[in-house]
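Down below is the structure, laid out as structure tokens.
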Amino acid sequence: MLQGRHRFFSQTRAAERRKAAGHSPVDEMQRFRMLVCCMFCGICTSLIYAFDLFTTDFLNRFNLSAGDQSTISTVGLVFCYFTIPFGFLYDYSGPFPLLIVCVLTAGVGALCLGLTFDGVITGNLASISVFYALMNISSGVIDVACIVTLAETFPRNLGPIIALAKVTIGLGSSVLASISVNLFRGNISGFIYFIMVYSVVVCSVAAFVVVLPPYFINGWRRRGKTEEQIAALKSLEPAYRRQSVPIRRLAVGYAVVALLLVFLSVQSPVVSYTRVSNGVSTAFGAITIVLVLSFFLMLLPVRWLGGMDDRAGDEPMRASVSEESVDRGEEISFTRADAAVTNAPDKELCPLPEMTSDTADAASEIPQDPRYGGTLWDNLKRPDLWLIFLTFICQSALGVIVVYNASTISVALTGRKRSQQTSALYTAFFGVANSVGRVCMGMFEAFVQHQSPNKRRYLVTLALPLSPFLAAVAGTLLLTIPGEAILLPYIIIYFEEGVFAAVTALIFPSLFASHHGVYYNVGFLTTVISVIGFNRFLFGFVVDAKHDSLGFGPKEECSVAECVRLPLIVATCVSAVGTVMAVIVHIRYSRFVREALRGRFAADAGRTVPLRVRCEDE
């Protein structure tokens, strides 16, 4: 059975067939199938941002306090973002086992949570926390499996591709809110069963579609291969690093995103603030589903869209007009003796392998700023990586408090009772503003990477201080403006969370030459620290203490601003500190780039330019 899979899913033989047909080594349609699949997976990941959809039912059915709800969200988010063990599994065997884990955890967690709301399982703080944590494990692992895979499969167009994939994570919360309000209308258990079926189906398909490019050699793929066979696979890397995606086909995806943004921005306040009939509400839900399914238009077999088996000599948008060397991937002749690459555990990844000198010549032509080289241990001894992680912790302070306690803060600042419509409104606006932030960051990264090699004035680290700065601004507004205007700082926070999500995915491949998966997983760990420290210990404990000291009853919510003022002040100050740290990272990287380019220009005079720059402590 396994040997049959080896024969059926051989990427090596697929590359051989494309070479024989005179096609580019890079199969664009296969890459876009993966991209579309990852976008649907992003909706599964967005479940972590849809927690507010459940808070009203948690309060009404199980009498859970604000502190209890922060406990549930904290436990779930800790399991969501503590992905380091899965990162090691990914490094050895690729995304396949991670996606199987997602199928199991999403299915079991959603099923048990749905049965809890149906009364089959006793609902209490402990059981709900466990079931919600299982669902969150799926969300975090999906993100690692898909985003890291896309980053390595689309190195030439990293920003636009990651932004498009990440935008569905942000929009996914709006999509889920629309489906919940318009199609399930208070049937929370039915909505959870829908999430279960959707997650299981999408992750099962992704397990066989999300495949890393053949040049990545990890522990599983290395088995049974000779050094010559490994070199043959690695030699395909220059083709991936030079070839841009078909712009028209990518534009279809962004057009669908734009339609979703407009539609969800309009229908969310309409449903929340006006009375609509059941028929109109159902139509809104159906339109949402149709627009999401429109992402499949990116896979239309229309030659005008591009990517339909381009000839090897006609690869679109070369990185440099001076490229005259033949693709290394086309020079390699794969033989039957080459070990096949399976689509099961052979769907590989290791941290980026060190490039050979052959690869370096081709890749050096790619217009990318110099990156920190060295081993993982070398970078851990430098302050830059630690400053980035500390910035992530500081930036997340206000974000985790507002995103996962939006209705609780709203009740305190406005004095109005929470409702399912208000929760859906906040969730929907989160999706829209968050998606815009992700797209903006992706476009900025694309602009940075496509500057003229001789006039590269902007660096990707310019975006690093933006998120904590906006968080500090939004926190100041929450503390000063009337409660009726609460949506404005909420939108700012939702936008900066989108920027931050894209920065997290892009900053490590942009600044460091290798070990991107490890850094990305450690970046997730910083969110765990923020969630525990700020969401549970700061916000949860303070709100519960104020609730009791102000004399509110067990079934009453704290409806005065004093309940949330202290957490907001602390989180705002921490965000300001994060801004300073991010500026330091940018200054240090700018200095490093200037020195590296100065050395590169000097080397052009009489010797070959190395791909990497070995960084020493400054």
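Taking my numbering, I'd label the letters of the sequence shown as residues 21 to 638. The C-beta atom is built at its ideal place from N, Cα and C for all residues, glycine as well. Just so you know, these numbers come straight off a predicted model, no measurement behind them.
>> Quick test of your reading: C122 and S158, contact by CB under 8 Å. State the CB separation rounded to the nearest angstrom.
In response: 4 Å
>> Cutting at 7 Å between CB atoms, please list the residues of its own chain near F71, excluding the five before and the five after it.
In response: S93 and Y424
> Near R618, which residues of its chain fall below 6 Å by C-beta distance, leaving aside the five closest residues on each side in sequence?
Replying inline: none
>> Once DSSP output is grouped into helix, strand and coil, what is the label at Y478?
In response: coil
> In its own chain, which residues sit with a C-beta less than 7 Å from the C-beta of R338, not counting the 5 before and 5 after it?
Replying inline: Confidence at R338 is low in this model, with a pLDDT of 34, below 50, so the placement of that residue is unreliable and no value is reported for it.
>> Buried or exposed, going by whether 16 or more other CB atoms sit within 10 Å of the CB of V346?
In response: At V346 the pLDDT is 31, less than 50, meaning the model places this residue with poor confidence and gives no usable figure here.
>> Quick check on the DSSP output: what are the complete alpha helix (DSSP H) runs of length 4 or more inside the segment 530-597, in order along the chain?
In response: 536-550 and 561-569
> Are at least three pairs of beta-carbons, each pair with one atom in the segment 211-224 and one in the segment 475-486, less than 8 Å apart?
Replying inline: no
> Can you tell which of L281, T546 and S288 has its C-alpha closest to the C-alpha of F412?
Replying inline: T546
> How many Å lie between V594 and A622 at the Cα?
Replying inline: 43 Å
> Given that a residue counts as buried once 16 or more other Cβ atoms are within 10 Å of its Cβ, and exposed if not, what is R268?
Replying inline: exposed
>> For a quick check, are the C-beta atoms of C61 and A227 less than 8 Å apart?
In response: no
> If E48 and G327 are in contact, beta carbons under 8 Å, what's the gap, nearest whole angstrom?
Replying inline: 3 Å
>> So for Y392, helix, strand or coil by DSSP?
In response: strand
> Would you report the Cα separation of I199 and G305, rounded to the nearest angstrom?
Replying inline: 5 Å
> Do you know offhand how far I549's Cα is from L325's?
Replying inline: 44 Å
> Going by Cα to Cα distance, which pick from E257, Q50, G543 and V95 is closest to L407?
Replying inline: G543
>> My assumption, with CB atoms under 8 Å, is that F639 sits in contact with Y510. Please give the rounded CB distance.
In response: Since the first residue of the chain shown is 21 and the last is 638, residue 639 is not available in this structure.
>> What does the alpha-carbon distance come out to for the pair G518 and T294?
In response: 28 Å
> Between L145 and the rest of its own chain, which residues show a CB-CB distance below 6 Å, the 5 nearest in sequence each way excluded?
Replying inline: D88
> Can you tell me where the alpha helix (DSSP H) with E506 in it begins and where it stops?
Replying inline: A small fix is needed here, since residue 506 is Ile in this sequence, not Glu. No alpha helix (DSSP H) holds I506; DSSP gives it neither H nor E.
> Which residue's Cα is closest to the Cα of I309: N202, D111, Q249 and K401?
Replying inline: N202
>> Which runs of the alpha helix (DSSP H) at least 4 residues long sit entirely within the segment 277-326? Give them in chain order.
In response: 298-313
> With DSSP run on the structure shown, which of helix, strand or coil describes H606?
Replying inline: helix
>> Does P365 pass the burial test, meaning 16 or more other C-beta atoms within 10 Å, or should it be called exposed?
In response: Below a pLDDT of 50, predicted positions are generally treated as unreliable, and P365, at 39, falls in that range; no measurement from the model is reported.
>> Our contact map puts T76 next to S443 with C-beta atoms below 8 Å; I'd like the distance itself, whole angstroms only.
In response: 6 Å
> Is it true that the segment 521-533 meets the segment 168-181, where meeting means three or more beta-carbon pairs spaced less than 8 Å apart?
Replying inline: yes
>> Here's the rule I'm using: 16 or more other beta-carbon atoms within 10 Å means buried, otherwise exposed. How should A591 be labelled?
In response: buried
> I167: which of L486, G139, A522 and V456 sits nearest, CA to CA?
Replying inline: A522
> Is the distance from the Cβ of A494 to the Cβ of L418 below 8 Å?
Replying inline: yes
>> Using only the alpha-carbon positions, how far apart do D381 and T447 sit?
In response: Residue placement at D381 is poorly supported in this model, since its pLDDT is 40, which falls under 50; the coordinates are not used for a value here.
>> At the level of alpha carbons, what is the spacing between T434 and F204?
In response: 28 Å
> Out of I104, D568, V480 and V538, which has the shortest C-alpha to C-alpha gap to Y609?
Replying inline: V480
> Is it buried or exposed for G96, if we count other Cβ within 10 angstroms and need 16 for buried?
Replying inline: buried
> Leaving out the 5 sequence neighbours to the left and right, which residues in its chain are closer than 7 Å to S579 when beta-carbon positions are compared?
Replying inline: V431, A432 and G435
> Helix or strand or just coil, what does DSSP make of D404?
Replying inline: helix
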